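Chemist:
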Amino acid sequence: MSNSKIRVAIIYGGASGEHSISIATAGAVMRALDPERYEVVPIAIARDGTWVPGATDPSKLTLDAGLLEVEKAPEAVTIPAGDGKQSLVAYNCEHASNLELLGNVDVVFPLLHGPFGEDGTIQGLLELAGIPYVGCGVFASAAGMDKHYMKVVLEAAGLPVAPYVVATARQWRDEREAVLAKVAQLQFPVYVKPARAGSSLGITRVSTLEDVSEAVAQAQIHDPKVLIEQGVDGREIECAVLGGRNDSTPRASVVGEVLVDLPDDGFYDFEHKYLETANLRLSIPAQVPPEISDKIRDQAVKTFDAFGCEGMSRVDFFLTPEGKTYVIEINTIPGFTPFSMYPVLWEHTGLPYSQLLDELIGLALERPTGLR
């Protein structure tokens, strides 16, 4: 191991429905990191939660051949709790006494989209390990992943959100009629969403109250808690936010727009984001008046600050024909696939992909773990 290099553990895969996207994101990041500056330690997480040595060849981590899967291996990897100086440990799953020390790492780059990665769980583990990591801390990650509490934080900060109804698993079992009565007060169509899933997984566009129950059942495949949100007639505008160095103000990118050819009853779902991308276009910068762009960039930074974010986040908006904006959501581990909006927005702002990764790792190394 060269002491002159920054040793970066890239963690990818995971137990969420965004497993394949996480793998592709990790491949893109690994390809872009300067090998003269960084030593990469890849760690993969299988769908059952087992940590295994990751792929060292990033060319195998692409979506070109379809959905990807982390395969279990005889050898497992773990990060022990400690002060950040402790070694990663590899061991044989059948003979746990057969241990191998893999050395310590300087920083972790978690690329785990969705539950059990983007939701504060991996961030809490890394805090216990005392290891710096890229991206938001425990609270911002947890609140940003849960669309219910995301709305609560946004509303408390005075940021505009679309009307919504939340149905927990218990409420849907025991108070279904009361929940549906609240949904009936929304304007249709509505979008029924798993509260704690990303990449548009499990989302259904619903035009009538009678179809809500089936949509909730589909959403609950991904999460027992469901959010029913009033549809907004507007364009989807996105803005990337990057933390500031040395306590300086967070930075907002230019704004971009997702343009995708859809049927009248369609929406920007998982397939259109990652698999059926032929009709997907990104307009960067988005064709909006300067005052609207400034407004969205300002609201994106306010959203970042409202959650106490660190490192990176992408904030998504609806822009109505009347010029009104609504915050759709904040993504605390946005995608880094070749057509992901976050790195593309920064590239158009003047920060190329590899330099963006340098900046994110630098931000992680700059801040301490623990209370801050």
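Residue numbers (UniProt numbering): 1 to 372.
Ideal placement from N, C-alpha and C gives every residue a C-beta, glycine not left out.
Remember, predicted model here, so these are calculated numbers, not experimental data.
With T369 and G84 assumed to form a contact (beta carbons below 8 Å), what rounded beta-carbon distance in angstroms separates them?
Modeler: Here residue 369 is taken as the residue at index 369 of the sequence shown, counted from 1. Here residue 84 is taken as the residue at index 84 of the sequence shown, counted from 1. Indeed, because the Cβ distance is near 7 Å, the residues count as touching under 8 Å.
Chemist: Assuming E366 and G135 make a contact with CB atoms under 8 Å, what is their CB distance in whole Å?
Modeler: As a working mapping, residue 366 is identified with position 366 in the sequence shown. As a working mapping, residue 135 is identified with position 135 in the sequence shown. Not quite, the Cβ-Cβ distance comes to about 13 Å (not below 8 Å), so this is no contact.
Chemist: Are A286 and I237 touching if we call contact CB-CB under 8 Å?
Modeler: In the sequence shown, the residue the question calls residue 286 occupies position 286. In the sequence shown, the residue the question calls residue 237 occupies position 237. Their beta carbons are under 8 Å apart, which means A286 touches I237 by this criterion.
Chemist: Hey, would you say Y353 sits closer than 8 Å to R314, going by beta carbons?
Modeler: Locating residue 353 in the sequence shown gives position 353, counting from the first residue. Locating residue 314 in the sequence shown gives position 314, counting from the first residue. No, the pair does not count as a contact, with Cβ atoms beyond the cut-off.
Chemist: Roughly how many angstroms lie between the CA atoms of T50 and I292, to the nearest whole one?
Modeler: As a working mapping, residue 50 is identified with position 50 in the sequence shown. As a working mapping, residue 292 is identified with position 292 in the sequence shown. Going from the Cα of T50 to the Cα of I292 covers about 46 Å.
Chemist: Indicate the three-state DSSP secondary structure (helix, strand or coil) for A76 in the structure shown.
Modeler: In the sequence shown, the residue the question calls residue 76 occupies position 76. Three-state DSSP puts A76 in a strand.
Chemist: Within a Cβ cutoff of 8 Å, which residues of the same chain sit near L282, ignoring the five residues on either side of it in sequence?
Modeler: Numbered from its first residue, the sequence shown carries residue 282 at position 282. Result list for L282: G256, E257, V258, L259, F339, M341 and V344, in chain order.
Chemist: Whole angstroms are fine: how far does the CA of E229 sit from the CA of T78?
Modeler: Indexing the sequence shown from 1 puts residue 78 at position 78. Indexing the sequence shown from 1 puts residue 229 at position 229. Roughly 39 Å separates the two Cα atoms.
Chemist: Distance, Cα to Cα, A217 vs L128?
Modeler: If you number the sequence shown from 1, residue 217 lands on position 217. If you number the sequence shown from 1, residue 128 lands on position 128. Using only the alpha carbons, I get a separation of about 37 Å.
Chemist: Report the rounded CA-to-CA distance for L360 versus S4, giving the unit in angstroms.
Modeler: Numbered from its first residue, the sequence shown carries residue 360 at position 360. Numbered from its first residue, the sequence shown carries residue 4 at position 4. Distance between the alpha carbons of L360 and S4: 19 Å.
Chemist: Distance, Cα to Cα, F318 vs A306?
Modeler: Translated into the one-based positions of the sequence shown, residue 318 becomes position 318. Translated into the one-based positions of the sequence shown, residue 306 becomes position 306. About 19 Å.
Chemist: Check whether the Cβ of Q230 sits closer than 7 Å to any heavy atom of the ligand FAD, and report yes or no.
Modeler: Within the structure as shown, the ligand FAD is missing, as the structure has no ligands at all.
Chemist: Near E175, which residues of its chain fall below 8 Å by C-beta distance, leaving aside the five closest residues on each side in sequence?
Modeler: Within the sequence shown, the letter at position 175 stands for residue 175. So the list is empty, once near-sequence residues are dropped.
Chemist: Quick one: is K273 buried, meaning 16 or more other Cβ sit within 10 Å of its Cβ, or exposed?
Modeler: Here residue 273 refers to the residue found at position 273 when the sequence shown is read from its first residue. At K273 the pLDDT is 48, less than 50, meaning the model places this residue with poor confidence and gives no usable figure here.
Chemist: Alpha carbons only, please: which of L371, V153 and D358 is nearest the one belonging to D34?
Modeler: One-based indexing of the sequence shown puts residue 34 at position 34. Selected option, being the one with the closest Cα: D358.
Chemist: Among all the DSSP beta bridges, which residues are the ones paired with D316?
Modeler: Your numbering for residue 316 matches position 316 in the sequence shown. Looking at the DSSP assignment, D316 forms a beta bridge with E238 and E329.
Chemist: Under 8 Å, do P194 and R205 count as touching if we go by C-beta distance?
Modeler: Here residue 194 corresponds to residue number 194 of the sequence shown, with the count starting at 1. Here residue 205 corresponds to residue number 205 of the sequence shown, with the count starting at 1. No.
Chemist: Just to confirm the assignment: which complete beta strand (DSSP E) runs, minimum length 3, are found wholly within the stretch 84–110?
Modeler: List check, beta strand (DSSP E) in window: 88–92, 99–103 and 107–110.
Chemist: Let me make sure I understand the geometry here. Which of A215, V89 and G82 has the alpha-carbon closest to that of A76?
Modeler: Start at 1 with the first residue of the sequence shown, and residue 76 comes out as number 76. Closest by alpha carbon: V89.
Chemist: Near W346, which residues of its chain fall below 6 Å by C-beta distance, leaving aside the five closest residues on each side in sequence?
Modeler: Taking the first residue of the sequence shown as position 1, residue 346 is located at position 346. The answer, listed in chain order, is A240, S253 and L356.
Chemist: Report back the beta-carbon spacing between H148 and K225 to the nearest angstrom; my notes put them in contact at under 8 Å.
Modeler: Taking the first residue of the sequence shown as 1, we reach residue 148 at position 148. Taking the first residue of the sequence shown as 1, we reach residue 225 at position 225. That pair is a contact at about 7 Å.
Chemist: Would you call the CB atoms of E118 and L112 closer than 8 Å?
Modeler: Against the sequence shown, residue 118 aligns to sequence position 118. Against the sequence shown, residue 112 aligns to sequence position 112. Contact flag set, yes.
Chemist: Which runs of the beta strand (DSSP E) spanning at least 3 residues fall entirely within the stretch 196–255, listed in chain order?
Modeler: 204–206, 226–230 and 235–242
Chemist: Would R47 pass as a contact of P115 if the rule is Cβ separation under 8 Å?
Modeler: In the sequence shown, counting from the first residue as 1, residue 47 sits at position 47. In the sequence shown, counting from the first residue as 1, residue 115 sits at position 115. Not closer than 8 Å, so no.
Chemist: Could you tell me whether the Cβ of L63 comes closer than 8 Å to any Cβ of chain C?
Modeler: You won't find chain C in this structure, because it holds only one protein chain.
Chemist: What is the DSSP secondary structure of A158, counted as helix, strand or coil?
Modeler: On the sequence shown, position 158 is the one that residue 158 refers to. It should be pointed out that residue 158 corresponds to Gly in this sequence rather than to Ala. Coil.
Chemist: What number of angstroms, rounded off, separates the C-alpha of A44 from the C-alpha of R245?
Modeler: Within the sequence shown, numbered from 1, the residue matching residue 44 stands at position 44. Within the sequence shown, numbered from 1, the residue matching residue 245 stands at position 245. Cα to Cα, the separation comes out at about 30 Å.
Chemist: In whole angstroms, give me the CA-to-CA distance for N92 and I203.
Modeler: On the sequence shown, position 92 is the one that residue 92 refers to. On the sequence shown, position 203 is the one that residue 203 refers to. Answer to the nearest angstrom: the Cα atoms are 40 Å apart.
Chemist: Ends of the alpha helix (DSSP H) at V138?
Modeler: As a position in the sequence shown, residue 138 is number 138, starting the count at 1. Taken as a continuous stretch (DSSP letters only), the alpha helix (DSSP H) holding V138 covers V138 to M145.
Chemist: Near K60, what residues of its chain come up, given a Cβ to Cβ distance below 8 Å and the 5 sequence neighbours on each side ignored?
Modeler: Start at 1 with the first residue of the sequence shown, and residue 60 comes out as number 60. Excluding positions up to five away in sequence, the list reads G27.
Chemist: For A142, collect the residues of the same chain with a Cβ closer than 7 Å to its Cβ; drop the 5 residues on either side in sequence, then sort them by chain order.
Modeler: For the purposes of this step, residue 142 is identified with residue 142 of the sequence shown, where counting begins at 1. Within the same chain, A142 has close Cβ partners D119 and G120.
Chemist: How is the beta strand (DSSP E) around E39 delimited, first residue to last?
Modeler: One-based indexing of the sequence shown puts residue 39 at position 39. Taken as a continuous stretch (DSSP letters only), the beta strand (DSSP E) holding E39 covers Y38 to I45.
Chemist: Have a look at Q123 and K72 and give me their C-alpha separation to the nearest angstrom.
Modeler: For this step, residue 123 is matched to residue 123 along the sequence shown. For this step, residue 72 is matched to residue 72 along the sequence shown. Using only the alpha carbons, I get a separation of about 23 Å.
Chemist: For Y268, I'd like the list of residues in its chain whose CB is within less than 7 Å of its CB, leaving aside the five on either flank, ordered along the chain.
Modeler: For the purposes of this step, residue 268 is taken as the residue at position 268 of the sequence shown. Caution applies to Y268, whose pLDDT of 49 falls short of 50 and renders its modelled position unreliable; the model cannot decide the point.
Chemist: Where do the N-terminal and C-terminal ends of the alpha helix (DSSP H) with E301 fall, by residue?
Modeler: On the sequence shown, position 301 is the one that residue 301 refers to. Before going on, a small fix: residue 301 reads as Val here, not Glu. Start and end: P290 to A306.
Chemist: Return the chain-ordered list of same chain residues with a C-beta closer than 7 Å to the C-beta of R372, the five sequence neighbours on each side being excluded.
Modeler: The residue you call residue 372 lines up with position 372 of the sequence shown. Here the set comprises nothing.
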